[in-house]
Amino acid sequence: MQLHIFSLADEVLGHLADYFVQVARQAIAARGKFTVALSGGSSPKKLYELLASPAYRDQVNWQQVFFFFGDERYVPHTDAESNYRMARLTLLDPLLIAPEQVFAIDTILSPAEAAANYTQTIERFFGDESVQLDLVLLGLGDNSHTASLFPHTPVLHDTSVGAREVFLEDKQVYRITLTAPLLNQARAVAFLVYGPDKAAAVQRVLTEAPNIEEFPAQLIVPTTGELHWFLDESAASKLPK
Ligand code: 6PG
Numbered sequence: 001m002q003l004h005i006f007s008l009a010d011e012v013l014g015h016l017a018d019y020f021v022q023v024a025r026q027a028i029a030a031r032g033k034f035t036v037a038l039s040g041g042s043s044p045k046k047l048y049e050l051l052a053s054p055a056y057r058d059q060v061n062w063q064q065v066f067f068f069f070g071d072e073r074y075v076p077h078t079d080a081e082s083n084y085r086m087a088r089l090t091l092l093d094p095l096l097i098a099p100e101q102v103f104a105i106d107t108i109l110s111p112a113e114a115a116a117n118y119t120q121t122i123e124r125f126f127g128d129e130s131v132q133l134d135l136v137l138l139g140l141g142d143n144s145h146t147a148s149l150f151p152h153t154p155v156l157h158d159t160s161v162g163a164r165e166v167f168l169e170d171k172q173v174y175r176i177t178l179t180a181p182l183l184n185q186a187r188a189v190a191f192l193v194y195g196p197d198k199a200a201a202v203q204r205v206l207t208e209a210p211n212i213e214e215f216p217a218q219l220i221v222p223t224t225g226e227l228h229w230f231l232d233e234s235a236a237s238k239l240p241k
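Residue 111 in UniProt numbering sits at position 111 of the sequence shown; the count goes up by one each step and never skips.
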């Protein structure tokens with residue numbers, strides 16, 4: 001596991017964008033394509049805008065990139081809460097990504113059907129090969145969740161390689177998430193966490209004794225892949241010096 005700590009969030013974004021380009025180029029050179037699972041929420045918006053900016057847009061052969069989602073809110077794709085919508089607006093549309101390169105999580109069916117469908121979509125894409133994404137981007141909630149692996153939810157113990165529905169009792173809403181085993185099969189996983197409100201969660205996940213019920217992001221331990229945390233100093237401020 002590698003920690004990359006920078007004083008300003010913009011530096012974090014620039015270094016993660018450089019890493020994204022590096023992993024993408026390596027994957028395309030080695031296997032003719034780059035598969036990435038995008039994270040949602042607000043933190044990655046600036047990363048996606050940076051990747052679509054003139055500073056980065058020409059550094060990747062985007063026609064060989066295939067986009068998946070680490071999780072999705074169970075809302076229409078037109079909803080302001082949709083991770084798909086956010087990625088469309090900040091990255092996919094500006095880069096003119098073709099629809100056949102994007103595998104969104106269906107949120108019209110029932111949550112269980114949507115999760116099963118997404119599992120099939122992923123299996124169909126990888127065919128006889130093992131389901132091994134080249135890069136998984138993840139964020140961290142202030143309650144130590146990542147993707148939609150939330151504290152005290154059954155999905156934390158799901159050993160399947162696929163997608164699962166998650167019901168959040170407190171908000172009375174559903175999410176769809178990739179399971180920890182699928183995320184951990186990735187060739188590379190990169191957390192992007194910045195801002196002082198994440199400092200306690202970063203400290204808990206990285207330094208507290210293992211407790212996945214309380215700190216689900218501790219589930220993310222790639223089997224063979226790389227694990228990187230890209231943090232700004234404020235998010236890393238509670239880590240031991
Ligand atoms: C989501 C994300 C989720 C996110 C964290 C951090 O759908 O919300 O996948 O895991 O990464 O909640 O969210 P912020 O970046 O908005 O703080």
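All C-beta atoms, glycine included, are put in the ideal place defined by N, C-alpha and C.
- Taken in chain order, the complete beta strand (DSSP E) segments of 3 or more residues contained in the segment 31-92 are 34-38, 65-69, 71-73.
- Of the residues S160, E213, V193, Q64, the one whose Cα lies closest to the Cα of R31 is Q64.
- V21 sits close to Q59, with the two beta carbons spaced by under 8 Å.
- Ligand 1 approaches N83 closely enough that one of its heavy atoms is under 7 Å from the residue's Cβ.
- Annotation for A115: A163, R164, E165, I176 place their beta carbon closer than 7 Å to its own, counting only its chain and skipping 5 residues before and after.
- Straight through space, the alpha carbons of G70 and T119 are spaced by roughly 12 Å.
- For A163, the pairing in a beta bridge is given by DSSP as L178.
- If you ignore the 5 residues before and after A217, its C-beta comes within less than 6 Å of the C-beta of L140, S144, T146, V205, all in its own chain and listed in chain order.
- Taking a cut-off of 8 Å for Cβ pairs, the segment 122-135 and the segment 83-96 do not touch, as fewer than three such pairs fall below it.
- Distances from the CB of L109 to the heavy atoms of ligand 1 are all 7 Å or more.
- Judged by beta-carbon spacing, H228 lies within the 8 Å limit of A190, meaning their Cβ atoms are closer than that value.
- Here A201 is buried: its Cβ has 16 or more other Cβ atoms, across all protein chains shown, within 10 Å.
- Considering only A37, F66, P99, E123, the residue with the shortest C-alpha distance to N83 is A37.
- The shortest C-alpha to C-alpha distance from Y19 to any of L192, L239, K241 is the one to L192.
- The beta-carbon distance between L149 and L231, rounded to whole angstroms, is 19 Å. This is too long to meet the 8 Å contact definition.
- In the same chain as L13, and ignoring 5 residues on each side of it, the C-beta atoms closer than 6 Å to its own belong to K46, L47, L50, in chain order.
- Closest by C-alpha distance to R73, out of A29, I108, Y174, T223, is Y174.
- Scanning its chain for C-beta atoms nearer than 6 Å, with the 5 sequence neighbours on each side dropped, one finds around L3 the residues W229, in chain order.
- R164 has its Cβ no nearer than 7 Å to any heavy atom of ligand 1.
- F126 sits in a helix when the DSSP states are folded into three classes.
- Of the other Cβ atoms in all chains shown, 16 or more fall within 10 Å of the Cβ of S43; this residue is therefore buried.
- For V205, the uninterrupted alpha helix (DSSP H) run begins and ends at 199-207, by DSSP.
- One alpha carbon belongs to N61, the other to G127, and they sit about 23 Å apart.
- When DSSP states are grouped into helix, strand and coil, D18 belongs to the helix group.
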